[in-house]
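Residue numbers (my numbering), protein chains in the order written: chain A, 1 to 142; chain B, 1 to 142; chain C, 1 to 417; chain D, 1 to 417.
Ideal Cβ positions, reconstructed from N, Cα and C, are used throughout, including at glycine.
Fair warning: this is a prediction, and the values are worked out from it, not measured in the lab.
In what follows, a single structure is set out as structure tokens and then discussed.
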Amino acid sequence: MTQDDLYRTVVLERARTPRYSGPLAGAQMQGEGSNPLCGDRVRLQANVDVQGRVAALRHETRGCAICAASADLMAERVVGQEPARVSQLHADLVTAVETGIAPEGLGELSAFAPLHRHRSRIRCAMLPWSALIEMLNDDKDR
Amino acid sequence: MTQDDLYRTVVLERARTPRYSGPLAGAQMQGEGSNPLCGDRVRLQANVDVQGRVAALRHETRGCAICAASADLMAERVVGQEPARVSQLHADLVTAVETGIAPEGLGELSAFAPLHRHRSRIRCAMLPWSALIEMLNDDKDR
Amino acid sequence: MMDQTVASRTDVAGSLRRIRADFPILSQKVHGRDLVFLDSAASAQKPRQVIDAMADTMRTQYANIHRGLYWMSERTTEAYEAVRDQVAAFLGASAREEIVFTRNSTEAINLVAHSFGSLLKPGQVVLVSEMEHHANLVPWQMLRDRTGVELRVTPVTDDGALDMDALARNLSDGRVALVAITHMSNVLGTITDARAIADMAHAAGAKVLFDGSQLAVHRRVDVRALDADFYVVTGHKLYGPTGIGVLWARREILDAMPPFLGGGDMISTVSFERSTWASVPHKFEAGTPAIIETIGLGAALAYIESIGFDAIGAHEEALTTHALQALGNVSGLKVIGTAPDRGGVISFTMDDVHPHDIATLLDRNGIAVRAGHHCAEPLMHRLGVSATARASFGIYTTPEEIDFLAATLEQIRGFFV
Amino acid sequence: MMDQTVASRTDVAGSLRRIRADFPILSQKVHGRDLVFLDSAASAQKPRQVIDAMADTMRTQYANIHRGLYWMSERTTEAYEAVRDQVAAFLGASAREEIVFTRNSTEAINLVAHSFGSLLKPGQVVLVSEMEHHANLVPWQMLRDRTGVELRVTPVTDDGALDMDALARNLSDGRVALVAITHMSNVLGTITDARAIADMAHAAGAKVLFDGSQLAVHRRVDVRALDADFYVVTGHKLYGPTGIGVLWARREILDAMPPFLGGGDMISTVSFERSTWASVPHKFEAGTPAIIETIGLGAALAYIESIGFDAIGAHEEALTTHALQALGNVSGLKVIGTAPDRGGVISFTMDDVHPHDIATLLDRNGIAVRAGHHCAEPLMHRLGVSATARASFGIYTTPEEIDFLAATLEQIRGFFV
Ligand SMILES: Cc1ncc(COP(=O)(O)O)c(C=O)c1O
Ligand SMILES: Cc1ncc(COP(=O)(O)O)c(C=O)c1O
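Written as structure tokens, this is what we have:
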């Protein structure tokens, strides 16, 4: 079998044993994203601090390994970040999956860069992020 | 211009100056055939004798030269013929236009044989004949 | 000066020669004569670029689209969806989501008649013109008979232009919901003033649909500059394959319209009780689409753009002027349709030689023209003829072909009178 | 004995090699690996005979059909109409007039839902099964929501067969006007007993439509032997082009049905007040049809007939048996759909490895399978899964490809657990 650079250890591990899954007690916010075409669904719960930084984030993901790992790595990565940094990470991840080249500073999220050769799976990796951005924007609007 | 074997003198002449057109005074039968797709229309009036032979036949044709000439040559040819002979002539004409080879005894009607290379025009030559056969059959049924 | 003119004539002849070399069928013989194809308005011939794009797809990169999670399906999906972008640019649409693929213009208009039509109430009016192709008439008749909307007809003037005063009167009671009018007549060659029609329609509170089946072949369409609401084109007249056409409509109208056909690819979720629809344009594309043909259409549009509408328009105008003159010299020949703005579709009669006989005798000489009612029977009644012969031009048509047509017509007439 | 078996194996391998040589795409590489195309149920690949027929048409013999009075148009019309005869023979129809060309199966079913559906009264029932493709479900839901007919569903048994007792119960109140059921499931591979269903439907006073999109690829269809009333197939699964499908229906039913789409070619006469319709099948074919694609379909059917359904059926049966065994040996793999009569479409899950991950990892190795709900969401609910992976076979599929699939699946599983 072709040695695989997409299903790297980090992706498989996080899909199998997520570190940030489950409900968040007393969460201020709820978010959800789903792809009716493939049945993937991500539920998010979060708290933000007064500066608008994500203070805590948990996910419940039903979906493929790419989607589940993406949700878990996202939860790990965005906690404590400024909103602008979250947007930047999102944009960098988009660049990575579209071009196959991970911008500097993407860290473990660059595991998804090989998706540029599997374009139909890009939405699997991006689903948690779309749900997050939407949840944070909804909060701002309130 | 390519020498033409379809628009022979007989066809052009009969189209221009038909010999059997116009109404038939005191006609026993009326027939009509039309092709809505091209607007061609043939009206027939006829008398038959006790043996079922066509005793007189007149046509009023609005259409192309092929249709008009066919109606006129038909009117000339079927008068005095047994019903069986009329059917035979019809069948022979079909053979001629389908194959390009006129069966013996077709006479001037063989002018239409070159239609086998202009298949979309076959219905123009056959319209008067279909109207005739239908009219005669209708009469039999009565 | 002289030299320049000669040079530019050679240029034109040279590029025409190059264009003709792209169309393999043009070297065919018919009844032993060179094919002179003057029926492009019915369906245009295909350049090798289109033929190759379709064959290459089937040979190297084909799978069903949208649902496949594997390389071949992803590539085919990309090729298919890229044509949506191309069509959006070709028509000047604001967004790719406004492009719906259909089989042809006919299906595009039927889609609007069924879906947008289902939103109309009895008493509302659909307004067409006297010079519509059956494709832009029969669907509205069927809608009328189904739902009780009224069908109203705007006449054409004696020279074959749209009667704009009558249009204004027809709009004046404010009951018209949709004006559905051709952008170029397939019989008269008349090009309608689409922008003026759109302005009048909008002022009267109506939406406007243009049947661009003929126009889009010859002139650049810009649906935003026209302020259109719906626009339809058909691939096979645009040097593309059969089986593919396009409906363009404003996004907000498409969003408001219910789906037309049900099936795979147009749904979001399905249960026995209830299904929800995909977003536009997919809501209107049920089932496996004409994938290979869409890719062929993309190649056709790229081919057209590579020539450019400046060159296409100039060529067509020169041919039309030349043809009107050359045919005008044929004894007994009468051109039907003399509107001021007109394109390369020329209907005519010749004394009382029946158009069918004209067509057959031209065919004996290798010349393909159409004869009949051109799917516009009501217009034939208006014109008081049962049929006409029609010569129509494509990017590959030459002035010499038109001269040969005129000379042959003169001979045919000699035959009959 | 031994020698004979070897000889006949070599025969089979030899003819398989010859068949594969007809499909240019099979020599393509994907991610650097040989393409192993196991998604023929979504859309089949095309033999050069089909590619050439379409390209040759565009290169040498093309014009719009039915109305042209010249050589090119007459020849193209003949080629197009000859395919109608071919399809009639392919399906065992009594008459060529019973063959209506559509874009695909989806449009064919929508045509019936709109046209035949408009003859149904509220309170009458359309009966489908739990294993329908969305194409044979959503059009009936839309009809229900439009007109108030009832939509009733017959369940499948746990092994994926149609529950014939439930079918009988569903028919017992005599209100069912149409039974619309698949002839072969695109998820389970189940082949339904169409003749028995037709007999039950007719005994209850209902007409019956079979969705033959999958079945017609693998077994000979004889609509008269099945005593069907409607039958639909789609060209792109039959090794033909996209953009062309077929509705077959009994002549007297087609005669009684109103037209679906309006436009050119489907009319007899048109005036503003009233139009009259052409006779069948033209009544249902509005506008310029998919001429080139129809000719391509003709080439595909000729290709299928040249191999013959005996050979096709034997090959598919052997492959299916082999695949069920090979896949059965993969740890954690569960085949979904074990009805006694089944064809070469095999859905499966593998432990809790998500089908999308399976598809992507297979694709890395050149293997194309489908993963998802296969346009059969309600069936997925019934089966209690949100998606499956699916391998499906064509006339070019080899046992070695299936072995490679099984071995790769085993490795993928090792990856995840
Ligand atoms: C059983 C079945 N019915 C209908 C369809 C729809 O076919 P098409 O998309 O060609 O209309 C398919 C193909 O996906 C199918 O498998
Ligand atoms: C003005 C006009 N509208 C509509 C049509 C219908 O096009 P299609 O047959 O491709 O649907 C035609 C072509 O015949 C046309 O000329």
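Under a Cβ-count criterion, where at least 16 other Cβ atoms within 10 Å of its own Cβ denotes burial, should B/N137 be classed as buried or exposed?
Per the 10 Å Cβ criterion, exposed.
Identity of the residues DSSP links to B/N47 by a beta bridge:
Per DSSP, B/A56.
Which full runs of the alpha helix (DSSP H) of 4+ residues lie inside the segment 146 to 233 of chain D, going along the chain?
Runs found: 164 to 171, 194 to 203, 215 to 218 and 223 to 226.
Whose CA, out of C/W248, C/A326 and C/H374, lies closest to the CA of C/S94?
Considering only alpha carbons, the answer is C/W248.
In angstroms with no decimal places, state the Cα-to-Cα distance between D/V221 and D/L215.
Their Cα atoms are separated by approximately 8 Å.
Residues in the same chain with beta-carbon distance under 8 Å from D/Q4, minus the five sequence neighbours each way, listed in chain order, please.
Below a pLDDT of 50, predicted positions are generally treated as unreliable, and D/Q4, at 48, falls in that range; the measurement from the model is reported next regardless. Beyond the five residues adjoining it in sequence on each side, D/Q4 comes within less than 8 Å, by CB distance, of no other residue in the same chain.
Is the segment 117 to 130 of chain A close to the segment 62 to 71 of chain C, with three or more CB pairs under 8 Å?
By the Cβ criterion, the segment 117 to 130 of chain A is in contact with the segment 62 to 71 of chain C, since at least three pairs of Cβ atoms, one from each stretch, lie closer than 8 Å.
Going along chain D, which residues have a C-beta under 8 Å from B/P114?
Correct list: empty, because the minimum Cβ distance to chain D is about 13 Å.
Can you tell me whether D/L247 is helix, strand or coil according to DSSP?
It is a strand residue.
What ranges does the beta strand (DSSP E) occupy inside the segment 54 to 91 of chain B, keeping only unbroken runs of at least 3 residues that lie completely in it?
Whole beta strand (DSSP E) segments, 3+ residues: 54 to 62.
By the criterion of Cβ-Cβ separation under 7 Å, what are the contact partners of D/L69 in chain B?
By Cβ distance, chain B contributes S120 and R121.
Please state the DSSP three-state secondary structure of C/S271.
DSSP, reduced to helix, strand and coil, places C/S271 outside both helices and strands of the structure shown, so it counts as coil.
Neighbour flag for C/T60 against chain A, beta carbons, 9 Å:
Taking a beta-carbon distance threshold of 9 Å, C/T60 does not count as an interface residue toward chain A.
Can you list the residues of chain B that D/E97 reaches, using a CB-CB cut of under 8 Å?
None at all; the shortest Cβ gap to chain B is about 17 Å.
Considering just the uninterrupted stretch of the alpha helix (DSSP H) at D/N110, what are its terminal residues?
It spans S105 to S115 - the alpha helix (DSSP H) in which D/N110 sits, taken as one unbroken run.
Any heavy atom of ligand 1 closer than 8 Å to the Cβ of D/D211?
D/D211 Cβ: within cutoff of ligand 1.
With a cut-off of 9 Å, does the C-beta of C/E273 fall near any C-beta of chain A?
Chain A places no beta carbon closer than 9 Å to that of C/E273, leaving this residue out of the contacts.
Residue range of the alpha helix (DSSP H) that D/Q86 falls in?
D/Q86 -> alpha helix (DSSP H) spans W71 to L91.
For C/D85, the nearest candidate out of C/T76, C/A63, C/E98 and C/R75 (CA to CA):
Among C/T76, C/A63, C/E98 and C/R75, the Cα nearest to that of C/D85 belongs to C/E98.
Could you give the first and the last residue of the continuous alpha helix (DSSP H) run that contains D/G48?
According to the sequence shown, residue 48 of chain D is Arg rather than Gly. Run containing D/R48: R48 to T60, per the alpha helix (DSSP H) assignment.
Here's a check: name, in chain order, each residue in its chain whose Cβ is nearer than 8 Å to the Cβ of B/S34, leaving out the five neighbours to either side.
Sequence-distant partners of B/S34 (beyond 5 residues in either direction) whose C-beta falls short of 8 Å from its own C-beta, in its chain, are D40, R41, V42 and L127.
Compare the C-alpha of C/Y80 against each of C/G32, C/I295 and C/D39 and name the closest.
Nearest Cα to C/Y80 within the set C/G32, C/I295 and C/D39: C/I295.
In the segment 265 to 299 of chain D, which residues sit with their C-beta less than 7 Å from some C-beta in chain B, listed in chain order?
Residues of the segment 265 to 299 of chain D that bring their beta carbon within less than 7 Å of a beta carbon in chain B comprise S268 and T269, in sequence order.
Between C/I395 and C/V12, what straight-line distance do the alpha-carbon atoms span, to the nearest angstrom?
Their Cα atoms are separated by approximately 12 Å.
Taking the CB atoms as reference points, tell me whether C/A299 and C/Q45 lie closer together than 9 Å.
Pairing C/A299 with C/Q45 gives a Cβ-Cβ distance that is not under 9 Å.
Could you tell me whether any non-hydrogen atom of ligand 1 is closer than 8 Å to the CB of D/A42?
D/A42: yes, Cβ under 8 Å from ligand 1.
Thinking just about the alpha-carbon of each residue, which of D/I312, D/T76, D/L362 and D/A41 is nearest to the one in D/C375?
With distances taken between Cα atoms, D/C375 lies closest to D/A41.
Check whether the Cβ atoms of A/V97 and A/A113 sit closer than 9 Å, and answer yes or no.
Going by C-beta atoms, A/V97 is nearer than 9 Å to A/A113.
Measuring only from the beta carbon, is B/E60 closer than 8 Å to any heavy atom that is part of ligand 1?
Answer for B/E60: no, Cβ out of range of ligand 1.
Within this structure, are the beta carbons of D/V418 and D/L178 separated by less than 9 Å?
No statement about residue 418 of chain D is possible, as the shown extent of chain D runs from 1 to 417 and does not include it.
Is it the case that the segment 275 to 292 of chain D contacts the segment 400 to 411 of chain C, given that we only count it when at least three CB pairs across the two stretches are under 8 Å?
The answer is no - the segment 275 to 292 of chain D does not touch the segment 400 to 411 of chain C, with fewer than three Cβ pairs under 8 Å.
Ends of the alpha helix (DSSP H) at D/E305?
Residues I291 to I307.
Identify the contact partners of C/H133 in chain D, using a Cβ-Cβ distance below 7 Å as the criterion.
Correct list: G264.
Can a CB atom of chain B be found closer than 9 Å to the CB of D/T77?
Residue-level contact by beta carbon holds for D/T77 and chain B, with a gap shorter than 9 Å.
Contact check, C/F101 vs C/A290, beta carbons under 9 Å:
Taking 9 Å as the Cβ cut-off, C/F101 and C/A290 qualify as a contacting pair.
For D/D34, collect the residues of the same chain with a Cβ closer than 6 Å to its Cβ; drop the 5 residues on either side in sequence, then sort them by chain order.
So the list reads G366, once near-sequence residues are dropped.
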